[in-house]
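Using the UniProt record's numbering, the first residue of the sequence shown is number 1, and each one after it goes up by one.
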Amino acid sequence: MSSFDRIELSIDPGTWDPMNEDMVSLDPIEFHSEEEPYKDRIDSYQKNTGLTEAVQTGTGQLNGIPVAIGVMDFQFMGGSMGSVVGEKITRLAEYATNQFLPLILVCASGGARMQEGSLSLMQMAKISSALYDYQLNKKLFYVAILTSPTTGGVTASFGKRVIEQTLNKTVPEDSQVAEYLFHKGLFDPIVPRNPLKGVLSELFRLHAFFPLNEN
Numbered sequence: 001m002s003s004f005d006r007i008e009l010s011i012d013p014g015t016w017d018p019m020n021e022d023m024v025s026l027d028p029i030e031f032h033s034e035e036e037p038y039k040d041r042i043d044s045y046q047k048n049t050g051l052t053e054a055v056q057t058g059t060g061q062l063n064g065i066p067v068a069i070g071v072m073d074f075q076f077m078g079g080s081m082g083s084v085v086g087e088k089i090t091r092l093a094e095y096a097t098n099q100f101l102p103l104i105l106v107c108a109s110g111g112a113r114m115q116e117g118s119l120s121l122m123q124m125a126k127i128s129s130a131l132y133d134y135q136l137n138k139k140l141f142y143v144a145i146l147t148s149p150t151t152g153g154v155t156a157s158f159g160k161r162v163i164e165q166t167l168n169k170t171v172p173e174d175s176q177v178a179e180y181l182f183h184k185g186l187f188d189p190i191v192p193r194n195p196l197k198g199v200l201s202e203l204f205r206l207h208a209f210f211p212l213n214e215n
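Below, the structure is given as structure tokens:
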């Protein structure tokens, strides 16, 4: 499911206002693989997806409630997080903090973007710092939505095989599925796509975020 579809599913028609659309990745470490240069791959994904990067960020209304939302797109380089993705999400969190908006981050990602080296790894700390200020200092409400596919780097992509071959142990068949992780307390409810907007709306109301047209 593309980021465009997810935005259409969650945000009220005519209220989507994108942010930082002009930010694009460069080639900070001049990465070249055997296939094609990193910059050429970026150009190719931009043409094929209509996106400038692997995340769309912006503001809109969800059942009339103003929200800040970032939606990652797996179709753009596996939703990998490089310097631009990290910067856009950080700026979104900072904007939501300053404007006292509820924040939604929709994850569909394969992890850090290796073509940018340590710069991609830095983004995790940067985003965590912005979210720390948002949640703990400002006491605002943040929702992370993990969609399919969302992986923890190699752990989720081929971790099961690595464990079995390295330790010679059998890993349970369902050990990396949503239901198993839910029962282990890794995340809160599993919500189908269609009722998701209503569930988010109720959560925001519980945390004192109300529609603009409601007194």
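Cβ coordinates follow ideal geometry from the N, Cα and C atoms, glycine included.
Quick caveat, the model's predicted, so the values are computed rather than measured.
1) Could you compute how far the alpha carbon of GLU116 sits from the alpha carbon of THR59?
2) May I have the straight-line CA-CA distance separating SER120 from ALA112, to the nearest angstrom?
3) From the DSSP output, which residues share a beta bridge with HIS32?
4) So for GLY110, helix, strand or coil by DSSP?
5) Name the two residues that bound the continuous alpha helix (DSSP H) containing LEU196.
6) Where do the ends of the alpha helix (DSSP H) carrying GLY86 lie?
7) Assign residue 220 to buried or exposed, taking buried as 16 or more other Cβ atoms, counted over all protein chains shown, within 10 Å of its Cβ.
8) Specify the secondary structure class of ILE190 as computed by DSSP and reduced to three states.
9) Suppose contacts are defined by Cβ-Cβ distances below 8 Å. Is PHE76 in contact with LEU51 by that definition?
10) Where does the unbroken beta strand (DSSP E) through GLY68 begin, and where does it stop?
11) Just mark PHE204 as buried or exposed, buried being the case when its beta carbon has 16 or more other beta carbons within 10 Å.
12) Distance check for ALA130 and ASN98, CA to CA, integer angstroms please.
13) Exposed or buried, LEU92, counting other C-beta atoms within 10 Å across all chains shown (16 or more means buried)?
14) Pick from SER44, GLY14, GLN61: whose alpha carbon is nearest that of LYS197?
On the basis of the data shown:
1) 28 Å
2) Going by the C-alpha atoms only, they are around 6 Å apart.
3) PRO37
4) coil
5) 193-206
6) 83-99
7) This structure cannot speak to residue 220, because the chain is shown only from 1 to 215.
8) coil
9) In this structure, LEU51 lies closer than 8 Å to PHE76 by Cβ.
10) The residue asked about is misnamed: residue 68 is Ala in this sequence, not Gly. Per DSSP, ALA68 belongs to the beta strand (DSSP E) from 65-72.
11) buried
12) 11 Å
13) It is buried - the Cβ of LEU92 has at least 16 other Cβ atoms within 10 Å.
14) Closest option to LYS197, Cα to Cα, is GLN61.
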